[in-house]
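J.:
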Amino acid sequence: MSLLEQIKFLLRITQSNDIIRRYFVVNGFDGALTMMGLIIGFIASSPADLSLVINACLGAAIALGVSGISSAYISESAERRHALGKLEDAMISDLKESAHGEASRFVPILIALVNGFAPLIISLLILIPLWLSKAGVSLPIQPLYAATFVALLLIFLLGIFIGRIAEISWLRSGIQTLLIALLTATMIFLLAGH
Amino acid sequence: MVLVKRVVLDVLKPHQPNALEFSLAIAQVGSGYLVHLKVLEMDEDTETVEVVISGSALNFDDIQAKICDLGGSLHSIDEVEVQSETDTG
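From first to last, the protein sequence lines are chains Y and R.
For the first sequence, counting from 1, position 35 maps to 35 in our numbering; every step adds exactly one.
For the second sequence, counting from 1, position 56 maps to 56 in our numbering; every step adds exactly one.
#1: Return no unless some Cβ of chain R is closer than 8 Å to the Cβ of Y/H82.
#2: May I ask which residues mark the beginning and end of the alpha helix (DSSP H) holding Y/V150?
#3: From the DSSP output, in three-state form, read off Y/S51 for me.
#4: From the DSSP output, in three-state form, read off R/T86 for me.
#5: Closest Cβ-Cβ distance between R/D45 and chain Y: below 8 Å?
#6: From which residue to which residue does the beta strand (DSSP E) around R/P14 run?
#7: Does the Cβ-Cβ distance between Y/L178 and Y/F42 come in under 8 Å?
#8: If you measure between the beta carbons of R/V51 and R/V35, is that distance less than 8 Å?
#9: Ordered along the chain, which non-local residues of its own chain (more than five positions away) have a Cβ less than 6 Å from that of Y/I126?
#10: Need the endpoints of the alpha helix (DSSP H) that Y/I13 sits in, please.
#11: Ordered along the chain, which non-local residues of its own chain (more than five positions away) have a Cβ less than 7 Å from that of R/I63?
#12: Fully enclosed by the stretch 88 to 137 of chain Y, which beta strand (DSSP E) runs are 3 residues long or longer?
#13: Once DSSP output is grouped into helix, strand and coil, what is the label at R/E21?
#14: Considering only their Cβ atoms, is the gap separating R/L70 from Y/A83 smaller than 8 Å?
#15: Can you name, in chain order, every residue of its own chain whose Cβ lies under 6 Å from the Cβ of Y/F32, other than the five neighbours on each side?
#16: Could you spell out the range, first to last residue, of the beta strand (DSSP E) harbouring R/S54?
#17: Assuming the contact rule is C-beta atoms closer than 8 Å, Y/T184 and Y/G37 should be a hit. Round their C-beta distance to whole Å, please.
#18: Considering only residues of the same chain and omitting the five flanking positions on each side of Y/G101, which have a CB-CB separation below 6 Å?
#19: Is it buried or exposed for Y/I40, if we count other Cβ within 10 angstroms and need 16 for buried?
#20: Whole angstroms is fine: what's the gap from Y/A72's alpha carbon to Y/S133's?
#21: By DSSP, does R/D43 sit in helix, in strand, or in coil?
#22: What's the C-alpha gap between Y/E79 and Y/P140?
#23: So, is the C-beta of R/D69 closer than 8 Å to a C-beta in chain Y?
#24: Give a yes or no on whether the C-beta atoms belonging to R/Q16 and Y/I54 are separated by under 8 Å.
#25: For Y/I13, return the contacting residues in chain R, with the cut-off set at a CB-CB distance below 7 Å.
#26: So R/L12 packs on R/S73, CB below 8 Å; how close in whole Å?
#27: Cutting at 8 Å between CB atoms, please list the residues of its own chain near Y/L157, excluding the five before and the five after it.
#28: So the candidates are Y/C57, Y/N115, Y/L64 and Y/L52; which of them puts its Cα closest to the Cα of Y/R21?
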């Protein structure tokens with residue numbers, strides 16, 4: 001069995017596919033909205049040096065990633081241990097060396113990585129316009145606005161992904177998440193910079 | 001040398017992997033294995049199944065190891081069919 005098939009098998013026997021997808025969407029959305037909030041906060045403030053903006057956003061992105069990995073690992077390994085113990089009671093046997101035992105050790109790691117890397121990677125994508133501008137690449141719009149546009153685009157794409165999972169209109173779902181982002185942006189503009 | 005041709009096993013297994021995946025995994029233990037699985041009883045977390053495996057030369061130890069690897073527990077060997085090799089010398 002190849003590594004990919006083995007991973008799919010372990011996810012299937014623990015029925016964790018849905019959980020991974022949920023963690024990806026929830027924390028990915030969290031990362032995109034946090035980055036957008038930070039950048040809009042900088043737009044609403046007096047102009048700041050681009051290095052300062054990048055470092056602040058990068059710090060938040062790394063913190064989101066580490067928080068995602070550690071929190072998901074702690075909670076998921078506890079859940080898996082509990083599920084394995086319940087199954088061992090029902091089977092009246094030790095399952096630690098079985099596929100179920102392997103899954104209870106491996107699945108929390110995979111879920112933790114997805115939960116941590118989803119916001120980290122999405123945040124890094126949002127920061128690309130800022131890095132490009134800092135490297136001297138000229139952008140058609142100001143780098144902070146370009147980064148906000150990337151954030152809105154990624155939030156819209158996450159909405160499409162949610163729509164496809166729920167098997168509802170992808171456009172409606174994409175617009176829904178976009179409206180949440182725009183509402184957040186409006187709140188930041190109204191409350192920040194005073 | 002005596003060859004194992006067919007065994008009927010009484011196995012307790014978790015719901016996952018399901019009956020199809022469980023049978024496929026056992027069939028992959030050796031070449032030419034024919035597996036027939038029947039669910040006898042269903043519980044909240046487990047199910048009792050009857051597994052009939054036949055082939056030209058079954059490796060019982062490998063079959064048992066695979067069942068354990070899949071989280072199953074062999075309760076009893078209900079039927080066996082063995083055959084001694086014809087002496088050609």
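Quick reminder that beta carbons are idealized off the backbone N, C-alpha and C, glycines included.
T.: Result, derived from the coordinates:
#1: no
#2: P143 to A166
#3: helix
#4: Looking at R/T86 - three-state DSSP - the assignment turns out to be coil, as it is neither helix nor strand.
#5: yes
#6: V2 to P14
#7: no
#8: yes
#9: M35, A147, V150 and A151
#10: L3 to I13
#11: I26, V29 and I53
#12: none
#13: Annotated three-state conformation of R/E21 is helix, per DSSP.
#14: Contact flag unset, no.
#15: Looking at the sequence provided, one finds Ala at residue 32 of chain Y rather than Phe. Once the five neighbours on either side are set aside, the close Cβ partners of Y/A32 are I122, A151, L154 and I155.
#16: Boundaries of the beta strand (DSSP E) around R/S54: T46 to S54.
#17: 6 Å
#18: Cβ neighbours of Y/G101 beyond the five flanking positions: L95.
#19: buried
#20: 35 Å
#21: coil
#22: 49 Å
#23: yes
#24: no
#25: Q16 and P17
#26: About 5 Å separates the beta carbon of R/L12 from that of R/S73, a gap short enough to meet the 8 Å contact definition.
#27: G174
#28: Y/N115
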